[in-house]
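There are 2 protein chains.
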Amino acid sequence: MEKIRKIILSENEMPRQWYNILADMPNKPMPPLHPGTKQPIGPEDLAAVFPMELIKQEVSTERYIDIPEEVLDLYRTYRPSPLFRAISLEKTLGTKSKIYYKYEGGNYSGSHKANTAIPQAYYNKQEGVRRITTETGAGQWGSAMSFACNYFGLELLVFMVRVSYDNKPGRKLLMNTYNAKVLASPSTMTVFGRKVLEQDPNSPGSLGIAISEAMEVASQDPYTKYALGSVLNHVSLHQTIIGQEALIQMEKTGDYPDVVIGCFGGGSNFSGIAFPFLREKLLHKKDIRLVAVEPASCPKLTKGKFMYDFGDSAGMTPLLPMFTLGHNYIPEKIHAGGLRYHGAGVIVSQLLKDGLIEAKAKLQRECFEAGVLFARNEGILPAPESTYAIAGAMDEARRADIEGVSKTILFNLSGHGHFDISAYEKYFENNLPDHELSTAEIEDAISKIDITV
Amino acid sequence: MEKIRKIILSENEMPRQWYNILADMPNKPMPPLHPGTKQPIGPEDLAAVFPMELIKQEVSTERYIDIPEEVLDLYRTYRPSPLFRAISLEKTLGTKSKIYYKYEGGNYSGSHKANTAIPQAYYNKQEGVRRITTETGAGQWGSAMSFACNYFGLELLVFMVRVSYDNKPGRKLLMNTYNAKVLASPSTMTVFGRKVLEQDPNSPGSLGIAISEAMEVASQDPYTKYALGSVLNHVSLHQTIIGQEALIQMEKTGDYPDVVIGCFGGGSNFSGIAFPFLREKLLHKKDIRLVAVEPASCPKLTKGKFMYDFGDSAGMTPLLPMFTLGHNYIPEKIHAGGLRYHGAGVIVSQLLKDGLIEAKAKLQRECFEAGVLFARNEGILPAPESTYAIAGAMDEARRADIEGVSKTILFNLSGHGHFDISAYEKYFENNLPDHELSTAEIEDAISKIDITV
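So the sequence lines, in the order shown, correspond to chains A and B. Residues 126 to 578, numbered by this note's numbering, are exactly what the first sequence covers, in order. Residues 126 to 578, numbered by this note's numbering, are exactly what the second sequence covers, in order.
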C-alpha cells in the first residue's frame with residue numbers, strides 16, 4: 126500500500142483569516158515602553174515608521190483578523206502550500222515515528238517571508254506610502270519584500286547584513302531583479318551606519334544594525350515607512366496562515382502532531398506554524414509540544430535573559446520585554462543568517478516564560494548534516510535556517526525510538542537553500558565552524574547594555 | 126470578480142500513462158542507422174548503453190505506456206504541477222489575450238528534467254545497473270539525475286559542459302549535495318575529451334562533447350549505462366506528463382489554447398507540453414499551433430539542415446535523421462546552456478518537416494528582458510532557457526493585439542533561474558551579447574561533417 130507523500134489543499138480551503146494568539150494567551154505580554162519616558166507606548170509612537178493598519182494589528186486582541194482580498198489574491202499564486210510526509214527520510218532513519226513537514230519555500234521568495242511581505246506592502250500602499258526601507262539577513266525577507274513592493278508600486282531600499290551581502294550575492298541579485306535597491310549594512314548612508322563603521326571598519330553587520338539603519342532612513346521622510354520581517358506581533362500574525370493550513374492538512378492525514386517544530390531567529394516562522402496548534406492546546410486541551418530550535422551561537426531562548434531591551438542596535442525601537450542576548454551583541458557569522466538576531470519576539474518570550482513552548486539550541490554542523498540527509502531523501506535542498514528544524518525533528522524521532530514509542534512530528538520547512546549552496550560547499554569541505562555561546566560571553570554581552578525601567 | 130491564478134490537480138487526477146506520439150504521426154520518422162553499416166539499428170545496438178526497457182520505449186508505437194508505480198510514487202512528491210494564468214503579466218502587457226503557463230520548476234531539480242530522470246534511474250536499477258554516466262549543460266538535467274540516482278541506489282558521474290561548470294558553480298554543488306560526481310567536459314578522463322583538449326585547451330565544451338565522454342565511459346563497463354536528458358524518443362515520452370496534465374487543467378479553466386509554446390534545446394520540454402495537444406490536433410482536428418522557440422545562436426530548427434547526423438561530437442551515437450547544425454558545431458556561450466545543442470530529436474524534426482509544428486529563433490537579450498518582466502509580474506524567476514518560451518508567448522500576445530483579436534496562449538515554464546542569477550546580473554550590466562548564426566556559418570559547420578547514407 127502506498128503511503129501519502131503530500132496533502133494539497135484547494136484554493137477554496139485556504140484560510141481567509143489570520144489567527145491572533147494575543148486573544149488566547151493566559152498571561153498577556155508586558156507593554157512595549159517608550160525609551161525616553163519608560164511609559165507604555167501608544168499607536169502614535171509607532172506612526173512615524175509603520176502604517177496605521179499594521180499598528181492596529183500589532184496591538185489587537187481580536188482572535189481572528191480578516192485577510193484583505195488583494196492579499197488573498199496574491200497568496201493564491203503559491204498558497205495553500207503543500208504538507209509533505211517525509212516517508213523517504215523516515216525509512217532512511219528507520220524510525221517508527223511519522224515525520225510531516227509544511228513546505229514554505231515554494232513561492233517566489235523561497236521562504237515563508239512572502240506571507241507577511243505581501244500584506245505589509247499592501248497596507249503601506251493603501252495608506253499612501255511611496256517607499257519602504259527594511260533590513261535583511263540571509264536575504265529571504267528582502268527578496269520577499271522586493272517583489273511585493275514592486276507589485277504594489279512601492280520603492281524598496283534594503284539594508285542587507287554585510288556578511289550575507291558578501292557571501293550570498295545571489296540574493297542581492299534576486300532583489301535587484303525584483304527592482305529593489307540593496308546596500309550592505311553597516312553602510313555609509315546613515316548616521317548610525319557610519320558610527321558602527323568608525324568603530325569597526327570590518328564589521329560583519331547584524332540584523333540589529335541593519336534595522337537601525339532602515340529605521341533611521343524611514344523616520345526622515347513622511348512618505349517612507351519601515352517594514353520588519355520578524356519579531357513583531359503583526360508579522361507573526363500574518364505567518365499563522367502556515368499553521369492554519371497545516372491544521373486542516375493534518376486532519377486529512379488522520380494523524381495529529383505530538384510535537385510541532387520550527388527554527389528560530391526572531392520568531393516568525395516558528396510562530397506561524399506553532400500558534401494555531403497552541404490555540405488547540407490552550408482552548409481544547411490538545412496534548413502537544415511546541416519546540417523552537419535556535420543556533421547555539423545565538424541562543425537567546427535557551428541562554429538569554431528575559432528583560433526589556435531594544436529591537437535594534439542603535440536603540441531606536443521601543444523597549445520590548447523579551448529574551449535577549451543584548452541589543453549590541455553581534456552573533457558569529459553562521460550560515461543561517463536569518464537566525465542571527467539578538468532577541469525573541471515579545472509573544473514568544475512570554476509563552477516561553479510561561480512554559481507553554483519549549484526551546485533548544487543546536488550547532489550548525491549537525492544541522493547541515495541533517496539538511497544533506499533530508500535533501501538526499503526528500504529532494505528539497507533546505508535553507509540553512511530550516512536545517513535547524515530538520516535536526517530538531519530528527520532528534521524527536523530518535524528519542525521516540527529510544528523510548529520505544531511512535532510519535533507524529535510536524536516541522537516547518539521554512540525555505541529552500543538554492544541561494545545558500547556555498548554554505549553546503551563549506552560543509553562538505555569540513556570548513557564549517559561550530560560556535561557555542563558561553564554563559565560568560567552572554568553575561569558580558571548583556572552587561573554592555575544599560576537599561577532600567 | 127477575481128480571476129483564477131492557478132489550477133491545481135489532486136494526485137488522483139495525475140495521469141498514469143505517458144503519451145507516445147509515434148502512434149499518431151502521419152509520417153513516421155526514418156530509422157536511426159548504424160554508423161558503420163548504414164543499416165537501421167536494432168535494439169541490440171543500443172543495449173551496451175541503455176537498459177532494455179528504455180530501448181523498448183524508444184521504438185514503441187503503443188499510444189499509451191503505463192508509468193510504473195515506483196515512478197508515480199516519486200512523481201507525487203511534486204506532481205501534478207500547477208498551471209498558472211499570468212494575470213499580472215497580461216495586465217502589464219495590456220493584452221486582450223489570455224496567457225497561461227505550466228510551471229515545471231517546482232521540484233527538487235528545478236526543471237522538467239525530473240520527469241524523465243526518475244523513470245530512467247528506475248529502469249536502470251531494475252535491470253541491475255550500478256552506475257550511470259550522463260552529460261549536463263546548464264546543470265538542470267544533471268541535478269535531476271543526481272537525486273534520482275541516489276534515491277534508487279545508483280552511482281552517477283556527470284560530464285558538465287565546461288562553460289556552465291565555470292559559470293554555474295551552484296549547479297555543480299547541488300549535484301554534489303545529491304551525491305553525484307561532476308567533471309568539467311571536455312575532461313582528461315576520456316580518450317575523446319583528451320583529443321578535444323589537445324585541439325583546443327580552452328574549449329568551452331558542448332553538449333555533443335559531453336555526450337561523447339559519458340558514452341565512452343558507459344561503453345567500457347557492463348554495469349555502467351548512459352542516460353540522455355533530451356533528444357531521444359523515450360525522453361520526450363516521459364515528458365508528455367506535462368501536456369497530459371495541462372490538457373486536464375486547461376479544460377478546468379474553460380479555455381482552450383490557440384497556441385502552445387516551449388523553448389527548444391534538444392526538444393524534451395517542448396515535446397512534453399506540445400505532443401498531447403498535437404494529438405488533439407491530429408485525432409480531433411483541434412485548431413491549435415505548436416511553436417518551438419530556439420536561440421538565434423543555435424538555430425537548428427529554423428536554419429539547420431534536415432539530414433542524418435550524429436547526436437554527439439565524437440560520432441558514437443547512431444546516425445539520426447534530424448535538423449542539425451552539424452555534430453561538431455560548438456554554439457556560442459549563451460546563458461541558456463540547456464539550449465546549446467546542435468540537433469533536434471527525430472520526432473520533432475519529422476513533425477517540423479511535415480509542417481505540424483512551427484519554430485522560431487530569438488536573441489538572448491530580448492528573452493532576458495521578457496524574463497525580468499515576467500519575474501516582476503508573476504514572481505517566479507525563470508531559467509534562462511525558459512525565457513525563450515516567455516518571449517515567444519509575449520510575441521503571440523502582441524501579434525494578436527495588433528490583429529485585434531484575443532488568443533489563448535499556453536507556454537511551458539520549464540524551470541526556475543535560482544542557479545542562473547549571475548546571467549541576470551550580466552543582463553542588468555548590459556553585458557549580454559546577442560549572437561545570430563549566419564547562413565554562411567551554418568553552411569561552414571555542416572560542411573565539416575562527412576556523412577553519406
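Beta carbons: idealized from backbone N, C-alpha and C, even for Gly. Please read all numbers here as calculations on a predicted model, not as lab measurements.
Worksheet entry | Within 7 Å, strictly: CB atoms of Ala246(B) and Gly387(B) | In terms of Cβ geometry, Ala246(B) and Gly387(B) do not form a close pair [threshold 7 Å].
With 16 other CB atoms within 10 Å as the buried threshold, where does Ile132(B) fall?
Of the residues assessed, Ile132(B) falls on the buried side of the cut-off, its CB having 16 or more other CB atoms within 10 angstroms.
Which same chain residues, not among the five before or five after Ser393(A), have their C-beta less than 6 Å away from its C-beta? Once the five neighbours on either side are set aside, the close Cβ partners of Ser393(A) are Ser355, Val360, Ser361, Gln364.
> Taking C-beta to C-beta, are Lys425(A) and Ala469(A) nearer than 7 Å?
Replying inline: With contacts defined as CB atoms closer than 7 Å, Lys425(A) and Ala469(A) qualify as a contacting pair.
- Task: Give the interface partners of Arg201(A) over in chain B, defined as CB-CB distance under 8 Å, in chain order.
- Result: Residues of chain B passing the Cβ test: Arg130, Lys131.
Run down chain B in chain order and give the residues with a C-beta less than 7 Å from the C-beta of Gly295(A). Taking a Cβ-Cβ threshold of 7 Å, the residues of chain B close to Gly295(A) are Ile546, in chain order.
query = So, helix, strand or coil for Tyr381(B), using DSSP?
reply = Looking at Tyr381(B) - three-state DSSP - the assignment turns out to be coil, as it is neither helix nor strand.
Query - Interfacial residues, the stretch 239-263 of chain A to chain B, with Cβ spacing under 9 Å - result: Result list: Ala239.
Exercise for review: Taking only the alpha-carbon atoms, compute the straight-line gap between Arg414(B) and His237(B) and give it to the nearest angstrom.
Suggested key: A direct Cα-to-Cα measurement between Arg414(B) and His237(B) gives close to 22 Å.
Backbone secondary structure at Ala522(B) - three-state DSSP = Helix at Ala522(B).
* **Stretch pair the stretch 502-511 of chain A + the stretch 447-455 of chain A: three plus CB contacts closer than 8 Å** => Not touching, per the Cβ criterion.
Does the distance from the CB of Ser271(A) to the CB of Ala305(A) come in under 7 Å? Yes. Within cutoff.
Less than 7 Å between the beta carbons of Asp534(B) and Ile224(B), yes or no?
Inspection of the sequence shows that residue 534(B) is occupied by Ile rather than by Asp. Against a cut-off of 7 Å, the Cβ pair of Ile224(B) and Ile534(B) comes out as a contact.
> Counting only beta-carbon atoms, is Glu550(A) nearer than 7 Å to chain B?
Replying inline: At least one CB atom of chain B sits nearer than 7 Å to the CB of Glu550(A).
- Item | Straight-line Cα distance separating Leu199(B) from Asp191(A) | Their Cα atoms are separated by approximately 37 Å.
DSSP three-state call for Leu208(B): helix, strand or coil?
Leu208(B): strand per DSSP, three-state reduction.
Problem - Alpha carbon of Phe553(A) to alpha carbon of Ala269(B), nearest angstrom - result: Straight-line spacing of the CA atoms in Phe553(A) and Ala269(B) works out to 20 Å.
For the putative contact between Ile472(A) and Ser396(A), defined by C-beta atoms under 8 Å, what is the C-beta separation to the nearest angstrom? Going by Cβ atoms, the distance from Ile472(A) to Ser396(A) rounds to 7 Å, so yes, they are a contact pair.
* With burial defined as no fewer than 16 other Cβ atoms inside 10 Å of the residue's Cβ, what is the status of Ser135(A): buried or exposed? -> So Ser135(A) counts as exposed.
Excluding the 5 residues preceding and the 5 following Lys163(B) in the sequence, name in chain order all residues of the same chain whose CB lies nearer than 7 Å to its CB.
If we look at Lys163(B) and ignore the five residues flanking it on each side, its Cβ neighbours are Val578.
(message) For Arg204(B) and Gly429(A), I'd like the C-alpha separation in whole angstroms.
(response) The straight-line gap from Cα to Cα measures roughly 44 Å.
Could you check whether the stretch 171-186 of chain B touches the stretch 482-489 of chain A, counting it as contact only if at least three pairs of C-beta atoms, one from each stretch, sit closer than 8 Å?
Contact fails: fewer than three Cβ-Cβ distances are below 8 Å.
query: Who are the Cβ neighbours of Leu299(B) in its own chain at under 6 Å, not counting the five residues just before and after it?
result: Cβ within range, chain order: Ser268.
- Determine the direct distance from the alpha carbon of Leu171(B) to that of Trp584(A), and round the result to whole angstroms. Because chain A is modelled from 126 through 578, residue 584(A) falls outside the range shown and cannot be assessed.
Output yes or no for whether 7 Å exceeds the beta carbon distance between Gln374(A) and Pro401(A).
It is not a contact, given that the beta carbons lie outside the stated cut-off.
Inset, instruction - Would you mind sorting Asp383(B) into buried or exposed? The rule is 16 or more other CB atoms within 10 Å of its CB. - result: Buried.
Review point. When we look at the beta-carbon of His541(B) and count the other beta-carbons within 10 Å, is it buried (16 or more) or exposed?
Key: Classification of His541(B): buried, given that the 10 Å Cβ count is 16 or more.
Hey, is the stretch 485-494 of chain A in contact with the stretch 404-411 of chain A, meaning 3+ C-beta pairs nearer than 8 Å?
The stretch 485-494 of chain A makes no contact with the stretch 404-411 of chain A, as fewer than three CB pairs between them are under 8 Å.
ask   = Can the beta-carbon of Thr315(A) be found closer than 7 Å to that of Glu341(A)?
value = Less than 7 Å divides the Cβ of Thr315(A) from the Cβ of Glu341(A).
Going by DSSP, name the residue or residues bridged to Glu483(A). Val416(A), per the DSSP bridge assignment.
- prompt: Hey, which unbroken runs of the beta strand (DSSP E) at 3 residues or more fall wholly within the stretch 495-569 of chain B?
  reply: Given a length threshold of 3 residues, each whole run of the beta strand (DSSP E) inside the stretch 495-569 of chain B is given here in chain order: 533-538.
Please identify the residue among Gly517(A), Gly230(A), Thr186(A), Gly330(A) whose C-alpha is closest to the C-alpha of Ile367(A). The shortest Cα separation from Ile367(A) among Gly517(A), Gly230(A), Thr186(A), Gly330(A) belongs to Gly230(A).
Practice item. Report back the beta-carbon spacing between Gly264(B) and Arg465(B) to the nearest angstrom; my notes put them in contact at under 8 Å. Key: At roughly 12 Å, the Cβ-Cβ gap does not stay under 8 Å, so Gly264(B) and Arg465(B) are not in contact.
> I think Gly330(B) touches Pro311(B), with their Cβ atoms under 8 Å apart; what is that distance to the nearest whole Å?
Replying inline: Contact check for Gly330(B) and Pro311(B): beta-carbon distance about 6 Å, within the 8 Å limit, so the pair qualifies.
To the nearest whole angstrom, what separates the beta carbons of Thr258(B) and Ala343(B), a pair I think is in contact under 8 Å?
A Cβ-Cβ distance of about 5 Å is found for the pair Thr258(B) and Ala343(B), placing them in contact under the 8 Å criterion.
Checklist entry - What first and last residue would you give for the alpha helix (DSSP H) that runs through Gln142(B)? => result According to the DSSP assignment, Gln142(B) belongs to no alpha helix (DSSP H) but to the beta strand (DSSP E) extending over 142-144.
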